[in-house]
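Take a look at the structure below.
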Amino acid sequence: MRREILCGPAGSGQTRAILDEYVAAVAKHGEDAALLVLPTRLACDRVRAALGRDERVRGLLDARILTFPDLEQRILDANHATVTQVSDLQQRLLMRQVVDQLRAEGALRTLAPICDFPGFVDVLLQDVAEIKRTATRPDEFARRIEQARLGTARNREFARVYARYQQRLQALSLYDDAGRFWQALDELGEGRRRPFEALRTILVDGFDDFTTTQLQVLSALDGGSDVERLVISLCLEQDAERR
1 MRREILCGPA
11 GSGQTRAILD
21 EYVAAVAKHG
31 EDAALLVLPT
41 RLACDRVRAA
51 LGRDERVRGL
61 LDARILTFPD
71 LEQRILDANH
81 ATVTQVSDLQ
91 QRLLMRQVVD
101 QLRAEGALRT
111 LAPICDFPGF
121 VDVLLQDVAE
131 IKRTATRPDE
141 FARRIEQARL
151 GTARNREFAR
161 VYARYQQRLQ
171 ALSLYDDAGR
181 FWQALDELGE
191 GRRRPFEALR
201 TILVDGFDDF
211 TTTQLQVLSA
221 LDGGSDVERL
231 VISLCLEQDA
241 ERR
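Per my numbering, the very first residue in the sequence shown carries number 1; after that it's consecutive.
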């Protein structure tokens, strides 16, 4: 397995190099052997249109050029995972129920005075979404704040909110965006790699940053026995300082 990172400013030829890698992998091993991950569906459509004019890959029917959400959906669909997306309204209602229940139990003494403020539920949902994008599950979050000596009363109460909210989602078999990624990761972790069993080359282009969950998905995919290369192209501004 070879892992490569290409860094450079926009217009430096990285995307062209990535597309050439994709074409070479498809021409050599077939369309199921290559995966190209891009940040937006518009970018995917543009690349598919460009490949449609490329003489080297005429007749390409199932170009695996996907965003991360599309990639996750393909994994869930191919493995027949039943995943029901929770709506924004459902999330707000569930979070309000969680807050009211915990307050009634006396578990939100610090947060209780602001529980009914406008926007409080939305702020909690934003904070939960941010934590879930780091692939930190409720028990791990609670453990980390104690280990980092950040176990203030407010942080502990938020940890209770996060844990109860996640329990409610699981009890109702509902998944938010991060939860869908987690389920896709679980599928890969249990060896269910459909529809990417024949994958040999993974290419990623157009990103300047990744969430922890996205990196975990890439790591799980490149752990396949047949995967030969993972190439990530990062778009950096010419004067940007990266450490």
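Think of the CB as a built atom: it goes at the ideal place given N, C-alpha and C, for glycine as much as any other residue.
Can you grab the Cα-Cα spacing for the pair residue i / residue j, in whole Å?
i      : j      : result
GLY189 : THR213 : 13 angstroms
PRO195 : ALA171 : 28 angstroms
ALA198 : SER219 : 16 angstroms
THR84  : ARG200 : 31 angstroms
GLY13  : PHE141 : 41 angstroms
GLN126 : GLY179 : 14 angstroms
GLU130 : GLU146 : 19 angstroms
ASP88  : ALA25  : 40 angstroms
ALA50  : PHE117 : 51 angstroms
ALA148 : ALA78  : 40 angstroms
ALA135 : GLN166 : 13 angstroms
LEU215 : ARG133 : 11 angstroms
GLN91  : ARG53  : 44 angstroms
ALA81  : ASP32  : 21 angstroms
GLY8   : LEU60  : 29 angstroms
SER233 : VAL128 : 29 angstroms
ALA104 : VAL98  : 10 angstroms
LEU6   : GLU157 : 43 angstroms
ARG48  : VAL217 : 23 angstroms
Kindly list the residues whose CB is nearer than 7 angstroms to the CB of residue i, restricted to its own chain and excluding five residues on each side of it in sequence; keep chain order.
i      : result
PHE120 : ILE114
VAL86  : LEU169, LEU174, TYR175 and ASP176
ARG96  : VAL121
HIS29  : ARG200
ASP100 : none
Taking the alpha carbon of residue i as the reference point, which residue from the options has its own alpha carbon closest?
i      : options                          : result
ARG3   : LEU236, VAL227 and CYS235        : VAL227
LEU102 : ARG164, PRO195, ARG41 and ARG133 : ARG164
VAL123 : ASP70, TYR162 and THR134         : TYR162
GLN191 : GLN167, GLN90, ASP222 and GLY52  : The sequence as given places Gly at residue 191; Gln does not occur at that position. It is ASP222 whose Cα lies nearest to the Cα of GLY191.
ARG193 : ASP70, LEU60 and ARG74           : ARG74
THR211 : PRO69, GLY11 and GLY106          : PRO69
ALA34  : LEU93, LEU6 and LEU71            : LEU71
PHE181 : LEU94, GLY30, LEU76 and VAL99    : LEU76
State the beta-bridge partners of residue i as determined by DSSP.
i      : result
GLY8   : CYS235
ARG2   : ARG229
THR201 : ALA34 and ARG229
TYR175 : GLN85
PHE207 : LEU234
ILE145 : None; ILE145 has no bridge partner.
LEU150 : Partner(s): none; LEU150 has no beta bridge.
ILE131 : Paired residues: none, contrary to the question.
ILE65  : LEU36
Given residue i, which residues of its chain have a CB within under 6 angstroms of its CB, disregarding the five upstream and five downstream residues?
i      : result
LEU203 : ILE18, GLU21, TYR22, LEU36 and VAL231
ARG229 : ARG2 and THR201
ALA10  : CYS235
ILE94  : Contrary to the premise, residue 94 reads as Leu rather than Ile in this sequence. ARG168.
ALA107 : ARG160
Using a Cβ-Cβ cut-off of 8 angstroms (strictly less than) and excluding sequence neighbours within five positions of residue i, which residues of its own chain qualify?
i      : result
ALA159 : PRO138, PHE141, ALA142 and ILE145
ALA27  : ARG56 and VAL57
Three CB pairs or more closer than 8 angstroms across the segment 109 to 120 and the segment 144 to 157 | yes
Evaluate the contact criterion for the segment 176 to 186 versus the segment 4 to 18: three or more CB pairs, one atom per stretch, below 8 angstroms.
-> no
Would the segment 62 to 72 and the segment 39 to 50 be scored as touching if the rule is three or more Cβ pairs under 8 angstroms?
-> yes
Do the segment 204 to 222 and the segment 27 to 39 meet, that is, are 3 or more Cβ pairs less than 8 angstroms apart?
-> Yes, since at least three Cβ pairs between the segment 204 to 222 and the segment 27 to 39 fall closer than 8 angstroms, the two stretches touch.
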